[in-house]
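Chemist: Chains A and B are the protein sequences, given in the same order.
Counting along the first sequence from 1, when you hit position 125 you're at 125 in the working numbering, and nothing is skipped either side.
Numbering-wise, the working numbering comes out as the position in the second sequence, counting from 1, plus 1000.
Here you go, one structure.
There are 2 protein chains.
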Amino acid sequence: MMIHAKIWASYGDTVKRVPLGEAVSRKSPESVVFIVAPDGDGNPNVMPAGWSMFTSNDPLMIAVSVGFPRHTHGLLEDADEYVIAFPSRAHKEDVVFCGSNSGADIDKIEASDLTLAEAAVVSTPLLEDAAACFECRSGPSLETGDHTIFAGEVVAAHVSERYDERLKNLGRDWGDGPERFKTLSELLDSKLTPP
Amino acid sequence: MMIHAKIWASYGDTVKRVPLGEAVSRKSPESVVFIVAPDGDGNPNVMPAGWSMFTSNDPLMIAVSVGFPRHTHGLLEDADEYVIAFPSRAHKEDVVFCGSNSGADIDKIEASDLTLAEAAVVSTPLLEDAAACFECRSGPSLETGDHTIFAGEVVAAHVSERYDERLKNLGRDWGDGPERFKTLSELLDSKLTPP
């Protein structure tokens, strides 16, 4: 089938087939977002998500991928609106805390250090000190394997005047705690070596 | 509607509403992928994409968001399989070249320095020196604004034995050329200051 004239590399010299997880680990560092989603009474819950991307310029849209068992999955199925935030270095502990507890069991915002701020268009609150917050109206969704992609249209955006850099997840080599999350500036000050 | 007891930040002290593009710019640096997609004859075309994410663990799946007018959009609509690759620092010129030319006009692989390598499962080739390559079978897709999200199931994965880091797109402050793309190690050697 391949009729391309390009000379091919001799496979095996420089390219190696590996288990999927080994190739996936080369994604790091990976951006992380907070999903702030309301329940039926409008009470917000916060979940960190490693899988997100912009997905439209006009209108501006963001997509997040959320696993079926997550509490936020049910919230996003029912919500008309939500907020996507870029955590800053003020949020390292909150990313870990909100990622290791479920909104099905506790009020994560009450139990965390997160501070809310009023949004401009939607009823769901912003997160103070997030590098950026995007108010979203729910859009189309798509089941993909064990996750659902939720796409939302951005109707307003905000930035922190204190923190302008978002957190990156450096990967499991850096442990499971807050030391796993750093901004680019913090990385530049480190030696890129896991502790 | 909001009945949450949490104390709210005084809006305006630290949080500022801004035009959407100003908040979006806080996404940087952003990962970039190559989409290697075949035409009906099996000839591959390469497009860099800034919007991608993993979207399932089991099976492993990757999603990419591609604008309607892109040549690759039509290819992915018809293709049964394709390859997603993480460009390495060997690919800076190729990212720029493939991002500023269309496969509708020229054979980008012929015209670039890209070297192909045979895949294990699919007929679409891998890219030598990519930090990682993921062979994908086409899955579900979703229209979102002016882009379509294409989700694919990863059926095999490969890594480069020469290059283990993927490129990041540092954003428009760094210009439109190859200097805009760096690995994390290169960033650590720089001072994070646009040229």
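Just so you know, even glycine gets a beta-carbon here, dropped at the ideal spot from N, CA and C.
Return the Cβ separation of Pro1029(B) and Gly1171(B) in integer angstroms, given the expectation that the two are a contact with Cβ distance under 8 Å.
Modeler: 7 Å
Chemist: Using the beta-carbon of each residue, which ones in chain A are nearer than 7 Å to Lys1092(B)?
Modeler: Result: empty, since nearest Cβ-Cβ is about 17 Å, beyond 7 Å.
Chemist: Along chain B, in chain order, which residues have C-beta atoms closer than 7 Å to that of His158(A)?
Modeler: Val1015, Lys1016, Arg1017, Val1018, Ala1023
Chemist: Output the distance between the C-alpha atoms of Asn1045(B) and Thr183(A), rounded to the nearest integer angstrom.
Modeler: 35 Å
Chemist: Can you give me the start and stop residues for the beta strand (DSSP E) that Val1032(B) sits inside?
Modeler: Per DSSP, Val1032(B) belongs to no beta strand (DSSP E) and is neither H nor E.
Chemist: Report the CB separation of Ala104(A) from His71(A) in whole angstroms; it is logged as a contact under 8 Å.
Modeler: 4 Å
Chemist: Pull up the distance between the alpha-carbon of Ala1120(B) and that of Ala1156(B), whole angstroms please.
Modeler: Their Cα atoms are separated by approximately 7 Å.
Chemist: Based on the DSSP secondary-structure assignment, which residues constitute the bridge partners of Ile84(A)?
Modeler: Beta-bridge partners of Ile84(A) (DSSP): Ile35(A), Phe134(A).
Chemist: Can you tell me which residues form a DSSP beta bridge with Val1159(B)?
Modeler: Lys16(A), Ala1132(B)
Chemist: For Trp1174(B), name the three-state secondary structure that DSSP assigns.
Modeler: helix
Chemist: Spell out the partners DSSP gives Pro44(A) in its beta bridges.
Modeler: Pro38(A)
Chemist: In or out: Arg1162(B) buried (at least 16 other Cβ within 10 Å) or exposed?
Modeler: Flag for Arg1162(B) reads exposed.
Chemist: Please list, in chain order, the residues of the stretch 1115-1126 of chain B that have any C-beta partner in chain A closer than 8 Å.
Modeler: Thr1115, Leu1116, Ala1117, Glu1118, Ala1120, Ser1123, Pro1125, Leu1126
Chemist: Counting only Cβ pairs nearer than 7 Å, list the residues of chain A close to Phe1034(B).
Modeler: By Cβ distance, chain A contributes nothing, its closest Cβ being about 14 Å from Phe1034(B), past 7 Å.
Chemist: Between the stretch 143-172 of chain A and chain B, which residues of the former have CB atoms less than 8 Å from a CB of the latter, in chain order?
Modeler: Among the residues of the stretch 143-172 of chain A, those with a Cβ less than 8 Å away from any Cβ of chain B are Glu143, Thr144, Gly145, Asp146, His147, Ile149, Ala151, Glu153, Val154, Ala156, Ala157, His158, Val159, Ser160, Glu161, Arg162, Asp164, Glu165, Arg166, in the order of the chain.
Chemist: Assign Ala111(A) to one of two classes, buried (16 or more other C-beta atoms within 10 Å of its C-beta) or exposed (fewer than that).
Modeler: exposed
Chemist: Name the one or two DSSP bridge partners that Thr124(A) has.
Modeler: The partner list for Thr124(A) (beta bridge, DSSP) is empty, contrary to what the question assumes.
Chemist: Since Thr1148(B) contacts Phe1068(B) with CB under 8 Å, what's their CB separation in whole angstroms?
Modeler: 7 Å
Chemist: Please classify Phe97(A): does DSSP put it in a helix, a strand, or coil?
Modeler: Correct three-state label for Phe97(A): helix.
Chemist: Exposed or buried, which one is Met1(A) when buried takes at least 16 other CB atoms within 10 Å?
Modeler: In this prediction, Met1(A) has a pLDDT of 42, which is less than 50 and means its spatial position is unreliable; what the coordinates show is noted afterwards. Exposed, by the Cβ-count rule.
Chemist: Measuring straight from C-alpha to C-alpha, what distance separates Asp13(A) and Ile84(A)?
Modeler: If you take the alpha carbons of Asp13(A) and Ile84(A), they lie about 43 Å apart.
Chemist: So, His1158(B) versus Cys1136(B), is the Cβ gap smaller than 7 Å?
Modeler: no
Chemist: Closest Cβ-Cβ distance between Trp1051(B) and chain A: below 7 Å?
Modeler: yes
Chemist: Identify, in the order they occur along the chain, each residue of the same chain with its Cβ nearer than 7 Å to the Cβ of Ser25(A), setting aside the five sequence neighbours on each side.
Modeler: Non-local beta-carbon contacts of Ser25(A) in its own chain, meaning distances under 7 Å to residues more than five positions away in sequence, involve Gly171 in chain order.
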